[in-house]
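Peer 1: My structure is below; once you've seen it, I'll send some questions.
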Amino acid sequence: FSYDSLDRRPVSTAALGGKPAVLAFVTTWDLQSQAQTEYLVKMNDTDGDKVNYALVSFDDRKNRELVEEYARALKVRFPVAQADVDTVAGRGAFGSVAVPSVAVLDAMGRLVWAKGGLAKPDEIREAIRAASRAQANAR
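Residues in the sequence shown are numbered consecutively from 1054, following my numbering.
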């Protein structure tokens, strides 16, 4: 997968590889998406550089400024991208995606866990641990 980020930091399989990654699909208008984003911002603050985080917005591409303001208001410091037409239509790398939803990838970019709807931090952390175990077992 590869998405156009708002600030030129790549959001792709290659860019997020090398360590576990958490990819969240959100919108600016949904309260659950806002809660999901806030969870990930706090997790990113505590995880340092051990986990890669990224948001993918399902907002219409013409609303780029709204997505930028959303990320700024919620103090998102990791990459934010806008979903492409195929992803929004359910034809992308992750198939049909609910909003919000979260995907956890291992260091090789393989999907380890996914959840449609609001994912709580403890669920995501367990998935990150599973991704780390998968990486350790692959060695």
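Don't be surprised by glycine CBs; every beta carbon is placed ideally from N, CA and C. This one's a predicted model, so the numbers in the text were calculated from it and none came from an experiment.
What is the DSSP secondary structure of V1152, reduced to helix, strand or coil?
Peer 2: coil
Peer 1: DSSP state of D1113, grouped into three classes?
Peer 2: coil
Peer 1: Kindly list the residues whose CB is nearer than 8 Å to the CB of D1060, restricted to its own chain and excluding five residues on each side of it in sequence; keep chain order.
Peer 2: Excluding sequence neighbours, D1060 sits near P1132, V1133.
Peer 1: Closest by CA to A1156, which one among Y1106, R1130, E1118, Y1123?
Peer 2: Of the candidates Y1106, R1130, E1118, Y1123, the one whose C-alpha sits nearest the C-alpha of A1156 is Y1106.
Peer 1: List the DSSP bridge partners of Y1056.
Peer 2: V1064
Peer 1: Can you tell me whether A1180 is buried or exposed, with buried defined as 16 or more other CB within 10 angstroms of its CB?
Peer 2: A1180 comes out buried.
Peer 1: Helix, strand or coil for L1108? Go by DSSP, reduced to three states.
Peer 2: Strand, per DSSP.
Peer 1: How would you call V1138, buried or exposed, if buried means at least 16 neighbouring beta carbons within 10 angstroms?
Peer 2: exposed
Peer 1: In terms of residue numbering, what span does the beta strand (DSSP E) encompassing L1076 cover?
Peer 2: 1074-1079
Peer 1: Apply the 10 Å Cβ neighbour rule to P1153 and answer buried if 16 or more other Cβ atoms are within range, or exposed otherwise.
Peer 2: By the 10 Å Cβ count, P1153 comes out buried.
Peer 1: Kindly indicate which three-state DSSP category L1127 falls into: helix, strand or coil?
Peer 2: coil
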